[in-house]
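Sequential numbering from 6 applies to the sequence shown in this note's numbering.
Built from N, CA and C at the ideal position, the CB exists for glycine as well.
Owing to the predicted nature of the structure, the values given are computational and were not obtained by experimental measurement.
Here is the structure we will look at.
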Amino acid sequence: MPDPLFAAVEARARREGFGLDPDQQAALERMTWAASRALTGDAVRGVYLFGPAGRGKSWLADALFAALPGGSATRVHFHGFFDDLHRRIQTHRREPDATTRALDDICGGRRLVFFDELHVHDPGDARLLTRLIERLVKRGCTLVATSNYAPRELLPDPVWHHLFVPGIALLEAHLDVFRLDGVVDYRTRAQAHTSGFRAGVWSTVVPTAVRPAPRELSVRDRLFNVTFADESSLIATFAQLCDSPVAPAEYRHWSRVYRHWTITDVPPLDEVGPSAQQRFVNLIDVLVDADVHLDVHSSVDLEVFLERAATRPDAFRMASRLRLLRRG
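Okay, here's the thing in structure tokens:
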């Protein structure tokens, strides 16, 4: 009898107009086996999916998560994880081990945890991720992770790489690694969308509509200037969103409030500093994960923009996502 979880994911793929390739089928078979065993209380090895952007890693994880009984697993995204973790550490700051308590809160007592878009470029993030993996192993949890990087490619900076070697060792010891690197970028084959991120436009046309005076947005007692905001829409310049110290936590908060974003005056990334570049990459990550409608107005065509951004870390992931936008 076919595994019901496997069958549910295959059926979703058919409804969306494609079939799983052999590598995806092999990974899904291992994922559904691990999920089924974890839900019965068994401590089993997890699964680590990696490969180029657009090869179906996040889709497989999302589809499997959606097929599980409600409330039986926890799903976290890279930026959301750190936002949530820091808030919960603050909540437990007067307790003996605030970080461990915060990690337990995030997992919510569940034995199956999905971690999407795992990537490590910051030494501080590396330490916290290692703590997370250690905690999951100690609790007998099963981890399903997706990434663009093989475990040993995480935190690639040679100055800091040694800090995540313990985390890499844990991943390799407790997860089976699958590489998905088929020739098809499934994101480019997606059908036209009328809402969400894929409904957005990358345009080199300067908007001419007259807007009210700029306004301030507040997040946790911090104030941010934007061009315009109403109940569901946000308009801001690249400088307003990326030149000032805006964190992924602020982007995530706004993505829940404003479902249609317009970013204006976007320059080629090689004309701005590394901090602004990283904030823009983080912002695109957040908006894709939240499936927010995004319109971009830039001084250059999208392909020129991507070509001039190609040397920075994670440029390939940003490129795959921005190419989902229509050209205006």
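Next item on the list: Look up threonine 269 in the DSSP assignment and give the residues it is bridged to.
Entry: Paired residue(s): Thr242.
Note to self: Taking only three categories from DSSP, how would you classify alanine 234?
What the structure shows: DSSP places alanine 234 in the strand class (E or B) of the three-state scheme.
Item checked: Limits of the unbroken alpha helix (DSSP H) element including arginine 99 -> Segment: none, arginine 99 is in no alpha helix (DSSP H) and carries neither H nor E.
Item checked: For glycine 56, the nearest candidate out of Ser223, Ser152 and Ser280 (CA to CA) -> For the options Ser223, Ser152 and Ser280, the alpha carbon positioned closest to that of glycine 56 is the one of Ser152.
Note to self: Quick check: alanine 150 and leucine 117, are their CB atoms within less than 9 Å of each other?
What the structure shows: Not a contact, by the Cβ cut-off of 9 Å.
Margin query: Which of the three DSSP states is assigned to phenylalanine 23 in this structure?
Written below: If DSSP states are grouped into helix, strand and coil, phenylalanine 23 belongs with coil.
Checklist line | Three-pair Cβ contact test at 8 Å for the segment 270-282 versus the segment 78-88 | finding: No, because fewer than three Cβ pairs between the segment 270-282 and the segment 78-88 fall closer than 8 Å, the two stretches do not touch.
Note to self: Which of the three DSSP states is assigned to tyrosine 53 in this structure?
What the structure shows: In this structure, tyrosine 53 counts as strand in the three-state DSSP scheme.
Note to self: Beta-carbon within less than 8 Å of alanine 155's beta-carbon, same chain only, minus the 5 sequence neighbours each way: which residues are those?
What the structure shows: Hits under 8 Å: Phe55, Val182 and Arg184.
Notebook entry, point to check: On the three-pair Cβ rule with 8 Å, is the segment 165-181 touching the segment 264-278?
Noted result: Judged by pairs of C-beta atoms under 8 Å, the segment 165-181 does not touch the segment 264-278, as fewer than three such pairs exist.
Check: Are there 16 or more other CB atoms within 10 angstroms of the CB of serine 200, so buried, or fewer, so exposed?
Finding: Classified as exposed, serine 200 has fewer than 16 neighbouring CB atoms from the shown chains inside 10 Å of its CB.
Next item on the list: With a 10 Å radius around its C-beta and 16 neighbouring C-beta atoms as the bar for buried, classify alanine 324 as buried or exposed.
Entry: Residue environment analysis places alanine 324 among the buried positions, since at least 16 neighbouring C-beta atoms fall within 10 angstroms of its C-beta.
Notebook entry, point to check: Cα separation between leucine 307 and glycine 205?
Noted result: The straight-line gap from Cα to Cα measures roughly 13 Å.
Next item on the list: Using only alpha-carbon positions, find the residue among Thr37, Thr45, Asp319 and Trp266 that is nearest to alanine 71.
Entry: For alanine 71, the nearest C-alpha among the options comes from Thr37.
Item checked: According to DSSP, residues forming a beta bridge with glutamate 221 -> Answer is Asn230.
Margin query: Taking the alpha-carbon of leucine 160 as reference, which of Asp296, Ala131 and Phe86 has the nearest alpha-carbon?
Written below: Relative to leucine 160, the option among Asp296, Ala131 and Phe86 whose CA is nearest is Ala131.
Checklist line | Through-space distance from threonine 269 to phenylalanine 5, alpha-carbon basis | finding: The structure shown has nothing for residue 5, since the chain only spans 6 to 333.
Notebook entry, point to check: Between the C-alpha atoms of alanine 13 and alanine 40, what's the straight-line distance to the nearest angstrom?
Noted result: The alpha-carbon separation between alanine 13 and alanine 40 amounts to approximately 13 Å.
Note to self: So, under 8 Å CB-CB, threonine 104 and arginine 136 are touching, yes? Tell me the CB distance rounded to an integer number of Å.
What the structure shows: Going by Cβ atoms, the distance from threonine 104 to arginine 136 rounds to 6 Å, so yes, they are a contact pair.
Notebook entry, point to check: Are the beta-carbon atoms belonging to leucine 148 and leucine 141 less than 9 Å from one another?
Noted result: The answer is yes: Cβ separation under 9 Å.
Next item on the list: Tell me, please, which residues DSSP counts as bridged to tryptophan 207.
Entry: In DSSP, tryptophan 207 forms a bridge with Val301 and Arg332.
Notebook entry, point to check: Looking at the unbroken alpha helix (DSSP H) that takes in arginine 313, where does it start and where does it end?
Noted result: DSSP places arginine 313 in the uninterrupted alpha helix (DSSP H) bounded by 307-313.
Next item on the list: At 4 residues or longer, and completely inside the segment 102-169: list those alpha helix (DSSP H) runs for me, N to C.
Entry: Listed in chain order, the complete alpha helix (DSSP H) runs (minimum 4 residues) inside the segment 102-169 are 103-112 and 128-143.
Check: Of all the options Leu33, Phe86, Gly46 and Asp89, which has the alpha carbon lying nearest to the alpha carbon of serine 63?
Finding: With distances taken between Cα atoms, serine 63 lies closest to Leu33.
Checklist line | Euclidean distance between Cα positions of leucine 123 and arginine 20 | finding: Across the structure, leucine 123 and arginine 20 are spaced so that their CA atoms are roughly 28 Å apart.
Check: In chain order, which beta strand (DSSP E) runs of at least 3 residues are fully inside the segment 63-89?
Finding: Listed in chain order, they are 79-82.
Notebook entry, point to check: Quick one: is valine 286 buried, meaning 16 or more other Cβ sit within 10 Å of its Cβ, or exposed?
Noted result: Looking at its Cβ environment, which holds 16 or more other Cβ atoms inside 10 Å, valine 286 is buried.
Next item on the list: Quick one: measure Cβ to Cβ for valine 231 and serine 260, integer angstroms, because I've assumed they're closer than 8 Å.
Entry: That pair is no contact at about 14 Å.
Next item on the list: Look up valine 286 in the DSSP assignment and say whether it is helix, strand or coil.
Entry: It is helical.
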